[in-house]
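Asks:
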Amino acid sequence: MNDYERVIRVAADCTAVHAALTTTDGLSAWWTTCTGSGQSEGELKFWFDGPQPCVMHVEEATPSAVRWVVTDCDFLRDWVGTRPTFSVTPAGSDRCEIRFRHHGLTPELDCIEVCTQGWNHFIPSLRSYLETGTGAPYGCAEDIARRKRRAGRAAAG
362 MNDYERVIRV AADCTAVHAA LTTTDGLSAW WTTCTGSGQS EGELKFWFDG
412 PQPCVMHVEE ATPSAVRWVV TDCDFLRDWV GTRPTFSVTP AGSDRCEIRF
462 RHHGLTPELD CIEVCTQGWN HFIPSLRSYL ETGTGAPYGC AEDIARRKRR
512 AGRAAAG
């Protein structure tokens with residue numbers, strides 16, 4: 362059982378990384394529109410195309426670790442019970458390593474392909490947001506083009 366995992370190094374300090382992972386403004390800038398509280402024991406609601414959000418309970422939100430558990434996600438039922446986690450480690454002056462692991466997002470799940478493609482877009486979006494101030498969140502032109510390419514491949518295949 363191999364969880365989705367990705368490691369990136371960013372030219373940003375750990376305080377900026379923490380804000381990008383725990384504030385609704387930060388999360389909305391690189392992933393998708395978000396409401397709620399990103400602090401420990403808080404609840405975050407992530408909005409995509411559907412009428413209902415993907416809901417996550419914040420298990421931990423410290424400068425070195427952010428852990429969520431998905432409690433409700435109507436449009437991606439496979440995600441319920443999975444645990445997206447971010448481990449943040451200083452990597453020199455004003456640099457950090459971010460290790461993202463989505464515990465439970467494994468090849469056995471029906472959504473593995475679309476979810477892997479999504480994280481392969483949004484984790485670099487996090488890096489871009491931290492390094493330039495501009496991410497590529499859900500619904501931006503870059504994300505829409507990515508999803509259209511995916512839909513075209515699915516229709517052809």
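Mapped onto this note's numbering, the consecutive letters of the sequence shown carry residue numbers 362 to 518.
For each residue, glycine too, the CB sits at the ideal point set by N, CA and C.
#1: Shortest alpha-carbon distance to S489 belongs to which of G397, M417, N363 and A377?
#2: Measure from the alpha carbon of T385 to the alpha carbon of each residue in G397, G496, V419 and G479, then state which is nearest.
#3: Here's the rule I'm using: 16 or more other beta-carbon atoms within 10 Å means buried, otherwise exposed. How should R319 be labelled?
#4: May I ask which residues mark the beginning and end of the beta strand (DSSP E) holding G397?
#5: From which residue to which residue does the beta strand (DSSP E) around F407 run?
#6: Provide the residue(s) that pair with V431 in DSSP beta bridges, ordered along the chain.
#7: Going by DSSP, which residues form a beta bridge with H463?
#8: Mind checking which residues open and close the alpha helix (DSSP H) that includes C472?
#9: Hey, out of H464, C472, F409 and T495, whose CA is closest to T443's CA?
#10: Using the C-alpha atoms, what's the distance from T383 back to C457?
#11: If you run the structure through DSSP and keep just helix, strand and coil, what is E375?
#12: Apart from the five residues on each side of it in sequence, which residues of its chain come closer than 8 Å, Cβ to Cβ, to P485?
#13: Buried or exposed for P445, please, with buried defined as at least 16 other CB atoms from any protein chain shown within 10 angstroms of its CB.
#14: Going by beta-carbon coordinates alone, are P468 and N363 separated by less than 8 Å?
Replies: Working from what's here:
#1: A377
#2: G397
#3: No information on residue 319 is available, as it lies outside the stretch 362 to 518 that the chain covers here.
#4: C395 to G397
#5: E404 to F407
#6: M417
#7: Y365 and P445
#8: Where C472 is concerned, there is no enclosing alpha helix (DSSP H), given that its DSSP letter is neither H nor E.
#9: H464
#10: 16 Å
#11: A small fix is needed here, since residue 375 is Cys in this sequence, not Glu. Helix at C375.
#12: I369 and A497
#13: buried
#14: yes
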